[in-house]
């Protein structure tokens, strides 16, 4: 056993049987524990393929796989088999490829992206004649997503609807889900929902999938939603060798379905579970951890724990009081500019963390004015770009011509003379016959009043796609994507639409990335297939962290929300907008205590991103609809600075001083 592990880490690694909860505080080396534990299981004789480890990002899964491989190099039994280390969505895709036919879906089901989802949501709302002002497509998808993460199908969702808006959403949900299924397509939430349905409805499927593994490990367990919780329980219930790693103090995704009670109630679900606490923090100075511990202690429903510093000393966090949001941006950026003049300090050392998506605007303007390089983390995803979505739609259509979402996206992209009325006639006839639009294309002239030019355009499109489909069966995947770009005329269309060479080259570079992705997949996959490549791309799209990590590779100040900062660390952190209504957010102020607790956890996550120095700022006034309005400093500032009693009675500006007594800390 490596002497690089501290005693609690070693205990977690050596406990190889039965359920175990590893409470891993911020910066306590949880990834090392998970990878060492997998390696130890293999060294003790567990076949690698009998170990399942699940995490939330593909990047984390890949890094974990590499670390296990490095750990075992030359030390363990030689085997080509690898542990299955994947995201929840990757795991569910594999399960559905084996069993989804039982639910009436085709084996070659497609996975639609966010743009496709919005198109389907818009269509569903039109079908139930819902006015746009009552429910927008994006709002509908948010409601449906909430239902799906709780495992509710359209029927159960309708029975839980209370308001008129929820009843409208339930009716649209039924149409939305029916339309997706008729096209042989699922959305990202379906990947989890449908596996849960398979396990609930077919005990044989549940047993078959559970019997593939002898050990199950789950990283970031505090972020699991209802569907993920049920899947983990089903896979581990037989052998009960379940190890979950997480931190209830960093549970900040309740708004997207994560349920902190899963980690809080772990011992209720698994009474014989062992609990190991990792409390030695290797990231932040003692001064920063003192503030973090003081803050999170105000959440009473939590596992009792405290972060202990491996690095003593450090400068106490600063509190900056500014006049308004403009002054805040000016002073924060000026502070960064001054620090950048010091030896060994680089732009990438700094992060400005905001609570809302609107706050960065003033900081962006000031960073540009000051000439400080910055990156806004969490902007448009690579996979949401039009060129990417168009090109992937062509590839989806080659793989599965009955993918009508893909077909309707590219049938006239680039424009080829198949206008809206022609498409409408084709869709109408396919619906009337209960078939697919693709199957009508070879005989489009029969039974449709198409003009000669439209008929010829449909024939040319069908011939082109048939040729590409044939090429896909006999050629290399890496050669197919460039051929699609060439034969569809997509590159020529870019040249026509974008006369600016820089704009044109940027879009061409975007398409090149898809070509590179196909080549990389083909190189690293034992049995590369078009469907496998599309699954990988879809899961990359599902994983927002990939773009987040990529954007931080440059030497720039990071400007992001607190939610985006989870999992990252920076030498210098500025937490801005520390005011009631921002942090905690105004929505939380109108809800129950649990909402404030989640906001406090979000603040705690921000504090524990800082390695060397932490600055907390607030404005005395902030503009609302063009008028300056007085603000109230955040209660979290008072809690961190030992003045919690002031937050309840008056609102003097908090200042940093040592707290003389510790707030009580409760247990779940």
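Numbering (the numbering used here), first residue to last: 50 to 717. Here a beta-carbon is modelled for each residue, glycine too, at the ideal position from N, C-alpha and C. Here the structure is a predicted model, which means the values were calculated and not measured.
Confirm, please, whether the CB-CB distance from residue j to residue i is below 7 Å.
i           : j           : result
residue 307 : residue 653 : no
residue 669 : residue 368 : no
residue 449 : residue 250 : no
residue 404 : residue 686 : no
residue 159 : residue 84  : no
residue 327 : residue 73  : yes
residue 271 : residue 238 : no
residue 206 : residue 177 : no
residue 442 : residue 458 : yes
residue 579 : residue 521 : yes
residue 358 : residue 330 : yes
residue 225 : residue 269 : no
residue 662 : residue 621 : yes
residue 651 : residue 617 : no
residue 619 : residue 400 : yes
According to DSSP, simplified to helix, strand and coil, what is residue i?
i           : result
residue 355 : coil
residue 19  : Because the chain in this structure spans residues 50 to 717, residue 19 falls outside the shown range and cannot be described.
residue 330 : strand
residue 100 : strand
residue 309 : coil
residue 282 : helix
residue 632 : coil
residue 134 : strand
residue 594 : For residue 594, the pLDDT reaches just 47, beneath the cut-off of 50, and the residue's location in the model is therefore unreliable, although a value from the coordinates is still provided. Looking at residue 594 - three-state DSSP - the assignment turns out to be helix.
residue 485 : coil
residue 574 : coil
residue 543 : helix
residue 451 : coil
residue 93  : coil
residue 603 : coil
residue 386 : helix
residue 523 : helix
residue 375 : helix
residue 620 : strand
residue 709 : For residue 709, the pLDDT reaches just 35, beneath the cut-off of 50, and the residue's location in the model is therefore unreliable, although a value from the coordinates is still provided. Residue 709 falls in the coil class under three-state DSSP.
residue 154 : coil
residue 662 : strand
residue 164 : helix
residue 717 : Caution is warranted here: a pLDDT of 34 is assigned to residue 717, below 50, making its placement in the model unreliable, and no coordinate value can be reported.
residue 234 : strand
With a 10 Å radius around its C-beta and 16 neighbouring C-beta atoms as the bar for buried, classify residue i as buried or exposed.
i           : result
residue 232 : buried
residue 392 : exposed
residue 506 : buried
residue 480 : exposed
residue 242 : buried
residue 166 : buried
residue 491 : exposed
residue 711 : Low per-residue confidence applies at residue 711: pLDDT is 35, beneath 50, and the placement is therefore not dependable, though the value from the model is reported in the following sentence. The residue is exposed, with fewer than 16 neighbouring Cβ atoms inside 10 Å.
residue 324 : exposed
residue 546 : exposed
residue 554 : exposed
residue 487 : buried
residue 640 : exposed
residue 635 : exposed
residue 456 : buried
residue 565 : exposed
residue 320 : exposed
residue 603 : exposed
residue 275 : buried
residue 346 : buried
Thinking residue i and residue j are a contact (beta carbons under 8 Å), I'd like their distance in whole angstroms, please.
i           : j           : result
residue 402 : residue 655 : 5 Å
residue 344 : residue 689 : 5 Å
residue 300 : residue 294 : In fact, because the Cβ distance is near 13 Å, the residues do not count as touching under 8 Å.
residue 440 : residue 534 : 7 Å
residue 76  : residue 332 : 3 Å
residue 186 : residue 174 : 6 Å
residue 335 : residue 360 : 7 Å
residue 648 : residue 637 : 5 Å
residue 588 : residue 138 : 5 Å
residue 200 : residue 285 : With a Cβ gap of about 18 Å, residue 200 and residue 285 do not count as contacting.
residue 104 : residue 263 : That pair is no contact at about 19 Å.
Between the stretch 52–72 and the stretch 96–104, do three or more beta carbon pairs fall short of 8 Å?
-> Contact fails: fewer than three Cβ-Cβ distances are below 8 Å.
Kindly confirm or deny that the stretch 104–124 and the stretch 245–259 touch, where touching means at least three C-beta pairs closer than 8 Å.
-> No, they do not touch.
Do three or more CB pairs link the stretch 345–354 to the stretch 375–393 at distances below 8 Å?
-> Counting C-beta pairs closer than 8 Å gives fewer than three between the stretch 345–354 and the stretch 375–393, which falls short of the contact rule.
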